[in-house]
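Participant:
Residue numbers (the working numbering): 65 to 505.
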């Protein structure tokens, strides 16, 4: 339907779709037949359209354009209610009525939504502005919080750096204190070690004197052992000459006796055989064998007697040599024994050092002030150098004079006498100093 005016006076065109049928009762069928059988299809449609447009026009005149657009269902309900009575009079029934479209020529409907659109746009712009404002506020807040966080981080970093520097200073201070304490402890231990070394050196000097006295006693016994060794040497020499000659003579005599025995046995056997052959009988043969054996025994006895005689002569000669050795035992033999046992004396003096479990040297020293390892080795060398002087001091015998009496050493002794006297004097002075140190300790 076109040009339908609303209650606002706005002309609109309403396009609607309706379904109509003939009612099923006989009266309605009869009525419809009377109304439409004489008309063509076009006429029937026009008649029904006019009735429907009339009722629709009346309903649209009561409504606004907004009602038509926003609530088409209410228009359809009013249309069904209004047109039903007229349709029944024609024997018809309206099944449905639906508004398909509503238009107008003045763009009322098109402009009807513009305020809302503008409002919506306005609200959208406002919302966008608010969103932008909120975004800027949030960005500013975030920047502020970031600046605060950076400031706090800088403060924490500065605080951490200050604490780190303070801890480093504290560690440096502790290190210096510990180093100073360590240096003090080292000096203390070094002083204690030097003191202990001096005490041990004094003890060792005392032991050297004691060992020297003991060595003097040992030397007396050693002289006796030297004499006994010389006697044994002479005995061995005699054994190598006289006794070996006697033994050779004994073996020669035994060999001759054995040969004689074999000869007599063979001769006796020959005589026995001859006697048997001559018929002398068994008694003569036994007598011959007995005589042969008696001769053998006699020869063997003579040999043993000769051996005993030679051995006695050798022993007598050994006794004479031993007596001569005791008589000729002079200072050269004593010097030989002394020099032979000198390493044993040095070993006995150094033996206390082997009992030391551990020697701790705190400072090695520079070799000039006599501390540390150089002092230890120097003291040991001094003790070894004092042994000859100590022997001369205790025994009263000067070694260089004793060596001068030995003919084979006289030339060398004359050349070394001066240097030996100087070393002896220095050694005696060292012994005197050691004794003084021991008494002070």
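Glycine is no exception: its CB is placed at the ideal position from the N, C-alpha and C atoms.
Under a three-way DSSP split, which group does residue 328 fall into?
Facilitator: Helix.
Participant: Can you tell me whether DSSP reads residue 143 as helix, strand or coil?
Facilitator: Residue state, collapsed to three classes: helix.
Participant: Report yes or no: do three or more beta-carbon pairs, one from the stretch 103-117 and one from the stretch 147-156, lie closer than 8 Å?
Facilitator: Enough Cβ pairs lie closer than 8 Å, so yes.
Participant: Tell me, please, which residues DSSP counts as bridged to residue 69.
Facilitator: Per DSSP, 75.
Participant: Do residue 139 and residue 74 count as a contact pair if the criterion is CB distance below 8 Å?
Facilitator: Taking 8 Å as the Cβ cut-off, residue 74 and residue 139 do not qualify as a contacting pair.
Participant: What first and last residue would you give for the beta strand (DSSP E) that runs through residue 101?
Facilitator: Counting along the chain, residue 101 falls outside any beta strand (DSSP E), and DSSP gives it neither H nor E.
Participant: Nearest to residue 271 by alpha carbon, out of 415, 189 and 160?
Facilitator: Comparing Cα-Cα distances from residue 271 to each of 415, 189 and 160, the minimum goes to 415.
Participant: Considering residue 132, what are the terminal residues of the alpha helix (DSSP H) in which it resides?
Facilitator: Unbroken alpha helix (DSSP H) run through residue 132: 129-134.
Participant: Quick check: the Cα distance between residue 285 and residue 447, rounded to an integer number of angstroms?
Facilitator: Using only the alpha carbons, I get a separation of about 24 Å.
Participant: To the nearest angstrom, how far is the alpha carbon of residue 120 from that of residue 136?
Facilitator: Their backbone Cα atoms lie some 12 Å apart in a straight line.
Participant: Would you mind stating whether residue 155 and residue 106 have Cβ atoms separated by less than 8 Å?
Facilitator: Cβ distance not < 8 Å, so residue 155 and residue 106 don't count as in contact.
Participant: Report the three-state DSSP secondary structure of residue 169 (helix, strand or coil).
Facilitator: Looking at residue 169 - three-state DSSP - the assignment turns out to be coil, as it is neither helix nor strand.
Participant: Taking all protein chains shown into account, do 16 or more other C-beta atoms lie within 10 angstroms of the C-beta of residue 70, making it buried, or fewer, making it exposed?
Facilitator: Classification of residue 70: buried, given that the 10 Å Cβ count is 16 or more.
Participant: In whole angstroms, give me the CA-to-CA distance for residue 90 and residue 103.
Facilitator: Approximately 20 Å between the Cα atoms of the pair.
Participant: Between residue 66 and the ligand HEM, is the CB less than 7 Å from at least one heavy atom?
Facilitator: The model on display carries no ligand, and the ligand HEM is accordingly not part of it.
Participant: Helix, strand or coil for residue 480? Go by DSSP, reduced to three states.
Facilitator: With a pLDDT of only 49 at residue 480, under 50, the local geometry of the prediction cannot be trusted, and no value is derived from it.
Participant: Determine the closest residue to residue 122 out of 83, 248 and 68, with distance taken between C-alpha atoms.
Facilitator: For residue 122, the nearest C-alpha among the options comes from 68.
Participant: Around the C-beta of residue 269, are 16 or more other C-beta atoms found within 10 angstroms, so that it is buried, or is it exposed?
Facilitator: Burial call: buried.
Participant: Looking only at DSSP bridge pairs, what is residue 80 linked to?
Facilitator: DSSP, once it has assigned bridges, lists 163 as partnering residue 80.
Participant: If you pair each beta-carbon of the stretch 154-173 with each one of the stretch 77-96, do three or more pairs fall below 8 Å?
Facilitator: A contact exists between the stretch 154-173 and the stretch 77-96.
Participant: For residue 167 and residue 110, which I take to be in contact (beta-carbon distance under 8 Å), what is that distance rounded to the nearest angstrom?
Facilitator: That belief does not hold up - the Cβ atoms of residue 167 and residue 110 are roughly 22 Å apart, past 8 Å.
Participant: What does the Cβ neighbour count give for residue 450, buried or exposed, with the cut at 16 atoms within 10 Å?
Facilitator: Buried: at least 16 other Cβ atoms inside 10 Å.
Participant: Quick check: the Cα distance between residue 72 and residue 190, rounded to an integer number of angstroms?
Facilitator: Spanning the two alpha carbons is a distance of roughly 33 Å.
Participant: Thinking C-beta only, is residue 273 closer than 8 Å to residue 409?
Facilitator: Their beta carbons are not under 8 Å apart, which means residue 409 does not touch residue 273 by this criterion.
Participant: Out of curiosity, what's the CA-to-CA distance linking residue 260 and residue 253?
Facilitator: In a straight line, the C-alpha of residue 260 is about 10 Å away from that of residue 253.
Participant: With 16 other CB atoms within 10 Å as the buried threshold, where does residue 452 fall?
Facilitator: Residue 452 is buried by the Cβ-count criterion.
Participant: Once the 5 residues before and after residue 108 are set aside, which same chain residues still bring their CB inside 7 Å of it?
Facilitator: Within the same chain, residue 108 has close Cβ partners 100.
Participant: Look up residue 85 in the DSSP assignment and give the residues it is bridged to.
Facilitator: Answer is 157, bridged to residue 85.
Participant: Run through DSSP, which three-state label would residue 462 get?
Facilitator: Here residue 462 sits in coil by DSSP.
Participant: Check whether the Cβ atoms of residue 412 and residue 283 lie closer than 8 Å to each other.
Facilitator: No, they are not a contact pair.
Participant: When the distance is taken between beta carbons, is residue 173 closer than 8 Å to residue 133?
Facilitator: In this structure, residue 173 lies closer than 8 Å to residue 133 by Cβ.
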